[in-house]
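Structure, as structure tokens:
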Amino acid sequence: MRSPRNNERKTAYEDVDVSNYSRHLNGHNAPIWWGIIGLILIELSVVSAFTVTYLYLYMQHGQWPPADIPAPPLLIPTWSMLLMLFSCVTMYLAGKSIEKNQSWHFVIYTFASVIMASSVLWIRWLQFDNFDMRWDEHVYGSLLWTISGFHFIHIVSAAIGTAAIGCFGMAGFYTKQRQIGVVVDTMYWNFVAFAWLPFYLVLYFFPRL
Numbered sequence: 005m006r007s008p009r010n011n012e013r014k015t016a017y018e019d020v021d022v023s024n025y026s027r028h029l030n031g032h033n034a035p036i037w038w039g040i041i042g043l044i045l046i047e048l049s050v051v052s053a054f055t056v057t058y059l060y061l062y063m064q065h066g067q068w069p070p071a072d073i074p075a076p077p078l079l080i081p082t083w084s085m086l087l088m089l090f091s092c093v094t095m096y097l098a099g100k101s102i103e104k105n106q107s108w109h110f111v112i113y114t115f116a117s118v119i120m121a122s123s124v125l126w127i128r129w130l131q132f133d134n135f136d137m138r139w140d141e142h143v144y145g146s147l148l149w150t151i152s153g154f155h156f157i158h159i160v161s162a163a164i165g166t167a168a169i170g171c172f173g174m175a176g177f178y179t180k181q182r183q184i185g186v187v188v189d190t191m192y193w194n195f196v197a198f199a200w201l202p203f204y205l206v207l208y209f210f211p212r213l
């Protein structure tokens with residue numbers, strides 16, 4: 005004999021009408037949206053830990069960088085920061101293009117962002133060549149290399165993911181109804197771009213105060 009509780013469950017399941025539900029979820033309704041928020045929060049904790057560690061050592065030393073070590077040149081990292089921030093504009097325009105079902109505009113803006121990120125990677129690689137110290141010489145060198153390398157890898161991952169999104173766009177995969185992949189990729193891209201701001205301040209601005 006079926007218990008009354010089981011009968012209630014069966015009735016509840018039978019009364020749910022899902023015929024009007026869309027299989028294309030966007031925004032807060034999509035599990036992947038919350039997934040990317042969780043990923044950003046985890047990586048934000050790492051960004052915060054690096055920044056606080058650098059500031060702690062900066063405040064504990066009378067001279068920072070240590071004696072005989074010049075502050076890193078300011079021009080190249082400034083250009084790379086401006087390029088990354090401008091790439092957020094093209095990513096925003098890419099998202100707006102999908103909302104209007106303008107696939108080729110989306111592809112153009114997406115690959116423009118990838119090109120800018122690739123330019124930043126090339127600039128950073130040249131910058132690594134010009135560092136005046138090894139990563140294992142002292143704590144300042146370790147932080148400079150670790151923070152710079154950490155963000156370099158994040159730009160690589162963002163550029164690869166966005167290039168894949170652009171290729172799907174060329175195939176006509178994304179539409180106004182099916183754009184959650186574009187949304188979460190743009191969220192991560194913006195995080196990577198703006199994560200450089202605290203790093204830029206502590207690595208290149210604070211040593212000049």
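Numbering (the numbering used here), first residue to last: 5 to 213. C-beta: ideal position from N, C-alpha, C; glycine also.
Output yes or no for whether 8 Å exceeds the beta carbon distance between residue i and residue j.
i	j	result
Tyr113	Ser101	yes
Trp68	Tyr60	no
Tyr192	Gly185	no
Lys51	Ala168	In the sequence under discussion, the amino acid at residue 51 is Val, which differs from the Lys named in the question. Result no, Cβ atoms of Val51 and Ala168 do not sit closer than 8 Å.
Val206	Thr82	no
Phe154	Leu125	no
Ser152	Arg128	yes
Met174	Val111	yes
Leu87	Met120	yes
Phe195	Ile46	no
Ile80	Gln131	yes
Val187	Trp37	yes
Please list the terminal residues of the continuous alpha helix (DSSP H) segment that includes residue i.
i	result
Thr179	From DSSP, Thr179 is part of no alpha helix (DSSP H); its letter is neither H nor E.
Met137	From DSSP, Met137 is part of no alpha helix (DSSP H); its letter is neither H nor E.
Val56	Pro35 to Gln64
Trp149	Val143 to Met174
Val206	Unbroken run through Val206: none, as it is neither H nor E.
Ile102	Leu79 to Glu103
Taking the alpha carbon of residue i as the point to measure from, which residue in the options has its own alpha carbon closest?
i	options	result
Ser161	Thr55, Leu48, Leu79 and Asp189	Asp189
Leu89	Ala116, Ile164, Gln64 and Ile157	Ala116
Gly227	Gly170, Phe203, Leu43 and Gly153	Because the chain is modelled from 5 through 213, residue 227 falls outside the range shown and cannot be assessed.
Pro76	Ile164, Val196, Gln183 and Asp133	Asp133
Gly212	Gly145, Ile157, Leu87 and Pro74	The residue you asked about is not Gly; residue 212 is Arg in the sequence shown. Comparing Cα-Cα distances from Arg212 to each of Gly145, Ile157, Leu87 and Pro74, the minimum goes to Pro74.
Leu148	Phe172, Phe210 and His109	Phe210
Arg182	Met85, Asn105, Ala53 and Ile41	Asn105
Met95	Met137, Thr166 and Tyr204	Thr166
Tyr204	Gly39, Ala34 and Tyr58	Tyr58
Ile159	Val93, Ser84 and Trp139	Ser84
Ala53	Lys180, Thr150, Val187 and Trp139	Thr150
Thinking residue i and residue j are a contact (beta carbons under 8 Å), I'd like their distance in whole angstroms, please.
i	j	result
Ser107	Ala197	About 24 Å separates the two Cβ atoms, so there is no contact after all.
Pro202	Tyr144	In fact, because the Cβ distance is near 17 Å, the residues do not count as touching under 8 Å.
Tyr208	Leu78	5 Å
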